[in-house]
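Residue numbers (the numbering used here), protein chains in the order written: chain E, 279 to 431; chain F, 57 to 310.
We treat Cβ as the ideally placed atom computed from N, Cα and C, and that holds for glycine.
Owing to the predicted nature of the structure, the values given are computational and were not obtained by experimental measurement.
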Amino acid sequence: MKPRASDYVHLVRMAGLFAVGITAFLVLRWLMVPADFGELGHYRTGAVPDNMARPIVYAGQAVCVECHADVAELRARGKHVRVACESCHGALAAHASNPDGQKPVRPDPRRTCISCHSANISKPKSFPQVVPEEHAPEGSCAACHAVHNPKIS
Amino acid sequence: MDQDRRTFLGQTGKLLVLTASAAIAWEHVLAGRPEEAPNYRATDHWWGMAVDIEKCIGCGTCVRACKTENDVPHEAFTFRTWVERYVVDPADYEHPKVESPNGGYDGFHEREVRDPNLKMFYVPKLCNHCAHSPCVQVCPVGATFESQDGVVLVDKSYCLGCRYCVQACPYGCRFIDPRTHTVDKCSLCYHRITKGLTTACCETCPTGARVLADLKDKNDPIHAFLREHKVQVLKPQMATGSKMYYNGLDGSVR
Chain E
279 MKPRASDYVH LVRMAGLFAV GITAFLVLRW LMVPADFGEL GHYRTGAVPD
329 NMARPIVYAG QAVCVECHAD VAELRARGKH VRVACESCHG ALAAHASNPD
379 GQKPVRPDPR RTCISCHSAN ISKPKSFPQV VPEEHAPEGS CAACHAVHNP
429 KIS
Chain F
57 MDQDRRTFLG QTGKLLVLTA SAAIAWEHVL AGRPEEAPNY RATDHWWGMA
107 VDIEKCIGCG TCVRACKTEN DVPHEAFTFR TWVERYVVDP ADYEHPKVES
157 PNGGYDGFHE REVRDPNLKM FYVPKLCNHC AHSPCVQVCP VGATFESQDG
207 VVLVDKSYCL GCRYCVQACP YGCRFIDPRT HTVDKCSLCY HRITKGLTTA
257 CCETCPTGAR VLADLKDKND PIHAFLREHK VQVLKPQMAT GSKMYYNGLD
307 GSVR
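Structure below.
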């Protein structure tokens with residue numbers, strides 16, 4: 279028997295709807311998903327350079343020593359040899375890129391010392407600690423200790 | 057010419073590719089930004105960190121440096137790194153008292169002598185940069201990912217702020233940036249380590265309690281550190297593939 283149009287026309291309509299739907303999906307997907315998405319994994323490849331683009335705020339030990347080799351040498355003779363410049367002096371990338379324009383602030387020679395050396399029962403026993411009020415009730419620690427090589431000989 | 061076609065095409069290809077990379081690198085050098093030249097190969101690195109609890113004095117310098125370097129908002133619970141103080145009763149180590157006033161930003165100043173039978177120590181925390189991160193697995197849009205060099209990064213322009221990852225992180229390392237309403241977390245100072253610098257926290261740690269490590273670099277001191285110490289990662293039972301190796305990690309640490 280010859281098939282009649284009414285036997286399959288609903289299938290054709292359905293196929294048409296599917297084709298439109300899939301095309302719409304593909305077009306929307308092409309419009310909305312960034313071109314570099316999925317190259318390396320389920321993410322935008324461009325997100326990696328985005329993360330790398332942030333400005334550097336802490337210059338790093340090597341940059342400081344380039345100009346301040348004298349201080350580094352002084353420090354190398356004492357216990358503070360492995361304490362980086364910016365641990366106490368703060369972030370100095372701005373100063374490193376513009377040494378005369380951006381002068382760093384001198385650290386407070388009592389509060390800075392206390393932030394590490396104030397006695398606390400939770401600190402490792404081997405770490406040198408003092409009770410500031412008993413050790414020196416007031417004044418600058420730098421009055422007795424050379425900050426870059428603090429041992430009093 | 058005594059050169060076959062294969063060699064000729066190969067050499068021409070190499071010449072074109074190398075000239076193109078040199079041209080790109082030179083453009084950056086001319087612009088005064090040699091550090092942006094594309095000479096960093098992500099596949100040559102695998103970043104992690106060694107954390108030595110026995111050296112941490114809880115001064116909070118790392119917390120302050122991190123906030124400064126990464127412009128982290130100064131609000132409660134917005135920390136890319138923070139320091140916890142554990143107070144443990146050795147007879148009941150499963151219920152430690154953990155405190156972290158302002159994330160340890162101002163250090164720990166309380167000096168009262170407590171029960172001498174208690175055990176106390178500091179634990180610096182940060183993103184564990186897991187190789188199999190639960191946070192990456194739950195992100196519905198691909199806004200967070202493990203980079204080729206093993207750093208878990210956030211695509212801030214792609215994040216919806218749905219907070220799934222905040223809940224998924226077993227270490228509590230993620231927070232919502234109140235300014236952008238997108239997620240933020242430690243990026244292991246990706247902008248620094250890709251230019252040959254160490255992270256802001258490792259740079260400023262006065263006792264060397266935390267040291268950035270490139271596990272793919274054979275000459276990195278991390279290998280000796282891992283060999284010579286009894287190290288552990290946080291929550292090993294969760295199989296996250298954490299790359300933060302803690303020395304002296306007490307069983308009470310969560």
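Going straight from the alpha carbon of residue i to that of residue j, what length do you get?
| i | j | result |
| --- | --- | --- |
| residue 97(F) | residue 152(F) | 43 Å |
| residue 211(F) | residue 329(E) | 8 Å |
| residue 299(F) | residue 285(F) | 15 Å |
| residue 372(E) | residue 335(E) | 7 Å |
| residue 301(E) | residue 192(F) | 30 Å |
| residue 337(E) | residue 64(F) | 47 Å |
| residue 411(E) | residue 422(E) | 16 Å |
| residue 397(E) | residue 348(E) | 31 Å |
| residue 119(F) | residue 109(F) | 16 Å |
| residue 280(F) | residue 360(E) | 19 Å |
| residue 386(E) | residue 346(E) | 20 Å |
| residue 177(F) | residue 401(E) | 6 Å |
| residue 267(F) | residue 317(E) | 32 Å |
| residue 282(E) | residue 321(E) | 51 Å |
| residue 315(E) | residue 325(E) | 10 Å |
| residue 309(F) | residue 227(F) | 11 Å |
| residue 399(E) | residue 323(E) | 48 Å |
| residue 61(F) | residue 68(F) | 10 Å |
| residue 242(F) | residue 297(E) | 45 Å |
| residue 285(E) | residue 292(E) | 13 Å |
| residue 388(E) | residue 415(E) | 11 Å |
| residue 343(E) | residue 159(F) | 31 Å |
| residue 36(F) | residue 294(F) | Any answer about residue 36(F) is impossible in this case: the structure gives chain F only from 57 up to 310. |
| residue 319(E) | residue 203(F) | 9 Å |
| residue 294(E) | residue 303(E) | 14 Å |
| residue 292(F) | residue 327(E) | 31 Å |
| residue 214(F) | residue 280(E) | 57 Å |
Looking at residue j and residue i, is the spacing between their C-beta atoms short of 8 Å?
| i | j | result |
| --- | --- | --- |
| residue 271(F) | residue 288(F) | no |
| residue 186(F) | residue 104(F) | no |
| residue 174(F) | residue 148(F) | no |
| residue 391(E) | residue 419(E) | yes |
| residue 200(F) | residue 208(F) | yes |
| residue 374(E) | residue 408(E) | no |
| residue 260(F) | residue 364(E) | yes |
| residue 339(E) | residue 362(E) | yes |
| residue 116(F) | residue 143(F) | no |
| residue 171(F) | residue 102(F) | no |
| residue 332(E) | residue 247(F) | yes |
| residue 182(F) | residue 197(F) | no |
| residue 218(F) | residue 125(F) | no |
Tell me which same chain residues have a C-beta within less than 7 Å of the C-beta of residue i, skipping the five on either side of it?
| i | result |
| --- | --- |
| residue 88(F) | Caution applies to residue 88(F), whose pLDDT of 48 falls short of 50 and renders its modelled position unreliable; the value that the coordinates give is listed next. Cβ within range, chain order: n/a, list empty. |
| residue 221(F) | 191, 194, 195, 200, 230 and 239 |
| residue 356(E) | 426, 427, 428 and 429 |
| residue 366(E) | 385 and 390 |
| residue 180(F) | 107, 112, 118, 137, 139, 265 and 266 |
Report all residues from its chain with a CB closer than 8 Å to the CB of residue i; omit the five preceding and five following residues, and keep chain order.
| i | result |
| --- | --- |
| residue 134(F) | 128, 231, 233, 234 and 240 |
| residue 113(F) | 178, 262, 263 and 265 |
| residue 184(F) | 227, 229, 289, 290, 296, 298, 299 and 300 |
| residue 10(F) | Given that chain F is displayed from residue 57 to residue 310, the structure contains no residue 10(F) and the question cannot be resolved. |
| residue 132(F) | 158 |
Residues in the same chain with beta-carbon distance under 6 Å from residue i, minus the five sequence neighbours each way, listed in chain order, please.
| i | result |
| --- | --- |
| residue 155(F) | 141 |
| residue 307(F) | 149 |
| residue 303(F) | 108, 285 and 287 |
| residue 122(F) | 136, 137, 256 and 257 |
| residue 369(E) | 335 and 336 |
| residue 106(F) | 267, 269, 278, 281 and 301 |
| residue 164(F) | 114 and 141 |
Taking Cβ-Cβ distances below 9 Å as the criterion, which residues of the region 400-418 of chain E are in contact with chain F? 400, 401, 402, 404, 405, 407 and 409
Mind pulling the beta strand (DSSP E) runs of 3 or more residues that sit fully within the region 194-247 of chain F? 200-202 and 208-210
Proximal residues, the region 195-209 of chain F versus chain E, C-beta separation under 7 Å: So the close ones are 198, 201, 203, 204 and 209.
Can you give, in chain order, each stretch of the alpha helix (DSSP H) that sits fully within the region 363-424 of chain E and has at least 4 residues? 363-367, 371-375, 389-395 and 410-413
Unbroken stretches of the alpha helix (DSSP H), 4 residues or longer, contained in the region 112-175 of chain F: 117-126
When you check each C-beta in the region 234-248 of chain F against every C-beta of chain E, which residues fall closer than 9 Å? Of all residues in the region 234-248 of chain F, 243, 245, 246, 247 and 248 have a Cβ within less than 9 Å of some Cβ in chain E.
Contacting positions in the region 357-391 of chain E - beta carbon closer than 7 Å to chain F: 360, 361, 362, 364, 365 and 369
What are the residues in the region 272-302 of chain F lying within 7 Å of chain E by C-beta distance? none
Quick check on the DSSP output: what are the complete alpha helix (DSSP H) runs of length 4 or more inside the region 319-356 of chain E, in order along the chain? Positions of the alpha helix (DSSP H) runs, each at least 4 residues long and wholly inside the region 319-356 of chain E, are given as 325-330, 339-345 and 347-354 in order along the chain.
Note down, in chain order, all residues in the region 304-319 of chain E with a beta-carbon under 9 Å from any beta-carbon belonging to chain F. Residues 312, 315, 316, 318 and 319.
Can you list the alpha helix (DSSP H) stretches of 4 or more residues lying completely in the region 255-308 of chain F, in chain order? Segments of the alpha helix (DSSP H) lying fully in the region 255-308 of chain F: 256-260 and 278-284.
Scan the region 138-157 of chain F for residues whose Cβ lies nearer than 9 Å to a Cβ of chain E and list them as they occur along the chain. 141, 142 and 143
Can you give me, in chain order, the residues of the region 110-136 of chain F that have a beta carbon less than 9 Å from any beta carbon in chain E? 110, 111, 112, 113, 114, 115, 116, 117, 120, 121, 124, 125, 126 and 127
Contact set between the region 246-265 of chain F and chain E, restricted to residues whose Cβ is under 8 Å from the partner: 246, 247, 248, 250, 251, 253, 254, 256, 259, 260, 261, 262, 263 and 264
Given a limit of 8 Å on CB to CB distance, which residues of the region 170-182 of chain F reach chain E? 170, 176, 177 and 178
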